[in-house]
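Novice: When you read off a place in the sequence shown, starting at 1, and then add 27, the result is the number in the working numbering.
Note that CB positions come from ideal geometry on N, CA and C, so glycine has one too.
Before I ask anything, let me first share the structure, which is written out below as structure tokens.
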Amino acid sequence: MNFTETAWKVFNQCIEDYHVSDDVNALINNPFEKDTLERILYAKNWIDTVQWHLEDIIRDENIDPVEALQLKRTIDASNQKRTDLVEYIDSWFLNKFENITPKSDAKINTETPAWAVDRLSILALKVYHMSLEANRESASEEHRNNCQAKLDVLLAQKEDLSTSIDQLLTDIENGDVKMKVYKQMKMYNDESLNPILYQKGQQK
């Protein structure tokens, strides 16, 4: 089983586990052993799955404004955790390839392996939920057909993205691509970088 096959299996296990309770406040119960890549991937997808449903909740037109603000802050915190975990996955890959010397003509990819994995995790959620809609008995036949067409596109995208990720990892391992990581440097949660936050602090 190659990397993306493993990742896809872990992501779908996580999504299925979440939907047992289907509760954004449910605590993660990661079934994989400590320090394994599978455990990291499961944790990554759990964040994405919870955030997916938080984004659904906050779009309720009748939501209480105070609750919406609390949810927005929860989503911001989740985004930070997501970014931190993506960078942790990249660190895992950097460690894996630390003894690889890139060729003199090695290229640099537009995104790191972990950010591509991030897209695969989100794609697993899209496939799961679109499949539900394509098979929802209470929906019209037209709706189900439209969703099936979209699902077919998502599954084709999954194949292409998986191939691209596996090829990228092979190219890095062969020295054809140089792995270079830049921290995302998110500013909105940093009290020293977000003007609204540091100006508020200066007024005290």
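Between Leu12 and Gln194, what straight-line distance do the alpha-carbon atoms span, to the nearest angstrom?
Specialist: The structure shown does not extend to residue 12, since the chain is modelled only from 28 to 231, so the question has no answer here.
Novice: Could you check how far apart the C-beta atoms of Trp79 and Cys41 are, in whole angstroms? I think they sit under 8 Å.
Specialist: Actually they are not in contact, since the Cβ atoms of Trp79 and Cys41 sit about 12 Å apart, beyond 8 Å.
Novice: If you draw a straight line from the C-alpha of Leu54 to the C-alpha of Ser48, how long is it?
Specialist: If you take the alpha carbons of Leu54 and Ser48, they lie about 10 Å apart.
Novice: If you run the structure through DSSP and keep just helix, strand and coil, what is Ile102?
Specialist: In the structure shown, Ile102 sits in a helix (DSSP, three-state: H, G or I).
Novice: Which of the three DSSP states is assigned to Ile135 in this structure?
Specialist: If DSSP states are grouped into helix, strand and coil, Ile135 belongs with the strands.
Novice: Might you give, ordered along the chain, the residues of its own chain that have their beta carbon closer than 8 Å to the beta carbon of Leu112, omitting 5 neighbours on each side?
Specialist: So the qualifying residues of the chain are Ile67, Ala70, Lys71, Ile74.
Novice: Should Asp203 and Ala141 be called a contact, given that it needs their Cβ atoms to be closer than 8 Å?
Specialist: It is not a contact, given that the beta carbons lie outside the stated cut-off.
Novice: Are Ile192 and Phe30 close, meaning C-beta to C-beta below 8 Å?
Specialist: Against a cut-off of 8 Å, the Cβ pair of Phe30 and Ile192 comes out as a contact.
Novice: Is the CB-CB distance between Lys153 and Leu181 below 8 Å?
Specialist: Yes, the pair counts as a contact, with Cβ atoms nearer than the cut-off.
Novice: Identify which residue in Asp91, Thr33, Lys185 has its Cα closest to the Cα of Leu64.
Specialist: Closest by alpha carbon: Thr33.
Novice: Have a look at the DSSP bridge pairing and note the partners of Lys205.
Specialist: Per DSSP, Ile135.
Novice: Should Tyr45 go down as buried or exposed, given a rule of 16 or more other Cβ atoms within 10 Å for buried?
Specialist: So Tyr45 counts as buried.
Novice: Using a 10 Å radius around the Cβ and a threshold of 16 neighbouring Cβ atoms, would you call Ile90 buried or exposed?
Specialist: It is exposed - the Cβ of Ile90 has fewer than 16 other Cβ atoms within 10 Å.
Novice: Between Glu98 and Asp83, what straight-line distance do the alpha-carbon atoms span, to the nearest angstrom?
Specialist: Reading the sequence as shown, one finds Leu at residue 98 and not Glu. Using only the alpha carbons, I get a separation of about 11 Å.
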